[in-house]
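Protein chains in written order, with the working numbering: chain A, 11 to 309; chain B, 3 to 152.
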């Protein structure tokens with residue numbers, strides 16, 4: 011049963027940050043509550059105060075700003091799944107959002123809440139890693155940009171300070187001849203393994219100019235796998251089709267997969283390999299179909 | 003969850019054995035152990051373990067019983083306790099063996115940990131990872147103490 015708590019409803023980031031700073035560990039941000047309230051109902055955690063930041067205006071907008079896609083942290087998964095801007099510019103993100111958890115979670119859960127709670131079995135962090143995203147964190151008197159690689163510290167732990175609030179996610183527009191794929195595998199609504207791939211082809215479309223690989227859900231936090239990326243960069247597509255097998259093996263080991271009820275460590279590592287291979291072929295397929303409908307390969 | 007670990011300590015078996023029974027010094031090597039008391043030397047002890055994973059915090063007051071001990075060779079102990087706030091219970095079975103290895107002593111640890119109740123809903127993988135980290139920190143700490151690094 012949910013124990014009693016006080017609900018604060020600040021109307022600005024400054025006010026919210028002040029509240030968090032003043033009450034320290036006895037207060038926590040409420041930004042949808044799809045993970046937080048479950049844990050509180052289970053009695054696993056308790057806070058005297060929840061700081062509902064959903065009343066702060068203009069933190070849920072998606073907009074294009076000087077070559078950057080700006081996503082307000084309070085945008086719900088459903089808003090993002092239905093965003094015209096994202097559908098046109100970053101449809102891999104839309105597809106990921108369409109498949110987050112279930113409709114109840116997508117309706118009230120926010121991107122910022124998802125990232126800040128840092129539950130390991132979550133989709134957005136993995137995809138944001140290959141998009142070269144930055145997270146904007148604010149407190150009463152300052153604002154900073156955090157590369158997504160540095161945001162996740164461990165399971166349920168981020169680099170956010172006690173009085174800091176994640177206010178936005180920014181991703182650069184996809185370059186010409188690029189393609190993005192995110193694939194996941196899991197039992198019911200919690201993904202056990204998530205794999206994201208970003209590819210840029212050279213001018214002739216015959217070799218890979220750049221590649222980014224990220225794995226998530228299998229281990230405590232999503233992470234880039236630069237060693238796997240190196241195997242795919244600068245080689246022809248046929249050669250890359252063979253190299254992706256090895257890249258998947260490396261990504262599997264790098265995922266820090268742990269045996270649990272979702273599957274054994276070996277099993278998850280194998281799934282990473284399978285998903286990376288599929289993601290690679292999906293990304294190349296986007297390039298062959300022109301990429302428009304997938305929103306992946308552009309240019 | 004079962005954990006095994008061998009730690010090679012550059013010190014005599016006698017010194018390592020003595021250290022294991024020196025409660026005040028020993029607990030400084032155990033991550034998350036806030037306090038420990040001797041109820042009956044060599045037989046019964048109490049300790050409080052505190053662990054944190056992100057926003058989740060658990061505190062287990064443990065009753066520890068030494069089931070077997072053979073001078074300079076091995077210790078078998080059991081511990082159990084409950085965190086009333088979180089509604090979870092922890093049971094631990096510990097096997098410690100010492101053997102000589104030239105100039106060093108090999109400390110072999112075998113640990114069976116069962117977490118029951120709501121804490122288990124947090125995820126077996128997260129708990130296991132924390133326990134793996136704790137084991138690694140313990141190994142490093144005991145080496146440092148007995149090899150004179152700190």
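All residues carry an ideal CB built from backbone N, CA and C; glycine is no exception. Source: prediction; values computed, not measured.
Fill in: Which of helix, strand or coil DSSP assigns to residue 112 (chain A)
Here residue 112 (chain A) refers to the residue found at position 102 of the first chain. Three-state result, residue 112 (chain A): coil.
Worksheet item: How would you list, in chain order, the residues of chain B whose beta-carbon sits under 9 Å from the beta-carbon of residue 53 (chain A)?
Response: Here residue 53 (chain A) refers to the residue found at position 43 of the first chain. Residues of chain B passing the Cβ test: 87, 88, 89, 120.
Discussion item. Can you tell me whether residue 166 (chain A) is buried or exposed? The criterion is at least 16 other CB atoms within 10 Å of its CB, across all chains shown.
Written reply: Taking the first residue of the first chain as 1, we reach residue 166 (chain A) at position 156. So residue 166 (chain A) counts as buried.
Worksheet entry | 9 Å Cβ cutoff, residue 56 (chain A) in contact with chain B | In the first chain, residue 56 (chain A) corresponds to position 46, counting from 1. Yes, residue 56 (chain A) lies at the interface with chain B (some Cβ there is under 9 Å from its Cβ).
Worksheet item: Since residue 33 (chain B) and residue 50 (chain B) are thought to touch, with beta carbons under 8 Å apart, how far apart are those beta carbons, to the nearest angstrom?
Response: Taking the second chain and counting its residues from 1, one reaches residue 33 (chain B) at position 31. Taking the second chain and counting its residues from 1, one reaches residue 50 (chain B) at position 48. With 8 Å as the limit, residue 33 (chain B) and residue 50 (chain B) do not qualify as a contact, their Cβ atoms being about 13 Å apart.
Fill in: Partner residues on chain B for residue 172 (chain A), Cβ-Cβ distance less than 7 Å
If you number the first chain from 1, residue 172 (chain A) lands on position 162. Within 7 Å Cβ-Cβ: nothing; residue 172 (chain A) doesn't reach chain B, min ~11 Å.
Discussion item. Is there a C-beta anywhere in chain A that falls below 9 Å from the one on residue 33 (chain B)?
Written reply: For the purposes of this step, residue 33 (chain B) is taken as the residue at position 31 of the second chain. Chain A contact via Cβ: absent.
Worksheet item: How about residue 199 (chain A): is its C-beta nearer than 9 Å to some C-beta of chain E?
Response: Judged by its chain identifiers, the structure shown contains no chain E, and its protein chains are A and B.
Discussion item. Give me the chain B residues within the contact set of residue 288 (chain A), using Cβ-Cβ distance strictly less than 7 Å, ordered along the chain.
Written reply: Here the question's residue 288 (chain A) lines up with position 278 in the first chain. By Cβ distance, chain B contributes nothing, its closest Cβ being about 24 Å from residue 288 (chain A), past 7 Å.
Worksheet item: Which two residues bound the contiguous alpha helix (DSSP H) that contains residue 17 (chain B)?
Response: Against the second chain, residue 17 (chain B) aligns to sequence position 15. Per DSSP, residue 17 (chain B) belongs to the alpha helix (DSSP H) from 15 to 23.
Worksheet item: Counting along the chain, where does the alpha helix (DSSP H) carrying residue 26 (chain A) start and finish?
Response: Within the first chain, numbered from 1, the residue matching residue 26 (chain A) stands at position 16. 23 to 33 is the extent of the alpha helix (DSSP H) around residue 26 (chain A).
Practice prompt. Check the Cβ-Cβ distances between residue 269 (chain A) and every residue of chain B, and say whether any is below 9 Å.
Written response: Indexing the first chain from 1 puts residue 269 (chain A) at position 259. Cβ-Cβ to chain B under 9 Å: yes for residue 269 (chain A).
Practice prompt. Compile a chain-ordered list of the residues in the segment 127 to 139 of chain B whose CB is closer than 7 Å to at least one CB of chain A.
Written response: 127, 128, 130, 131
Practice prompt. Specify the secondary structure class of residue 14 (chain A) as computed by DSSP and reduced to three states.
Written response: Here residue 14 (chain A) is taken as the residue at index 4 of the first chain, counted from 1. Reduced to three states, the DSSP call for residue 14 (chain A) is coil.
Worksheet item: How about the segment 55 to 71 of chain B and the segment 136 to 151 of chain B: do they share at least three Cβ pairs that are nearer than 8 Å?
Response: no
Worksheet entry | Selection of the segment 44 to 68 of chain B by Cβ proximity to chain A, strictly under 7 Å | 55, 56, 57, 58
Item to complete: Taking only beta carbons into account, state which residues of the segment 228 to 253 of chain A come closer than 7 Å to chain B, listed in chain order.
Response: 230
Worksheet item: Is there at least one Cβ from chain B nearer than 9 Å to residue 276 (chain A)'s Cβ?
Response: In the first chain, residue 276 (chain A) corresponds to position 266, counting from 1. Closer than 9 Å: no.
Fill in: Nearest to residue 89 (chain A) (by Cα), restricted to the options A:26, A:12, A:114
On the first chain, residue 89 (chain A) is found 79 positions in, with the first residue counted as 1. For residue 89 (chain A), the nearest C-alpha among the options comes from A:114.
Practice prompt. For residue 3 (chain B), count neighbouring Cβ atoms within 10 angstroms of its own Cβ and tell me buried if that reaches 16, exposed if not.
Written response: Looking up residue 3 (chain B) in the second chain gives position 1. That one is exposed.
Worksheet item: What is the residue span of the alpha helix (DSSP H) that residue 4 (chain B) lies within?
Response: In the second chain, residue 4 (chain B) corresponds to position 2, counting from 1. Unbroken run through residue 4 (chain B) is the beta strand (DSSP E), 4 to 11; no alpha helix (DSSP H).
Worksheet item: Would you report the Cα separation of residue 117 (chain A) and residue 134 (chain B), rounded to the nearest angstrom?
Response: Counting from one through the first chain, the residue named residue 117 (chain A) turns up at place 107. Counting from one through the second chain, the residue named residue 134 (chain B) turns up at place 132. Between residue 117 (chain A) and residue 134 (chain B), the C-alpha separation is close to 37 Å.
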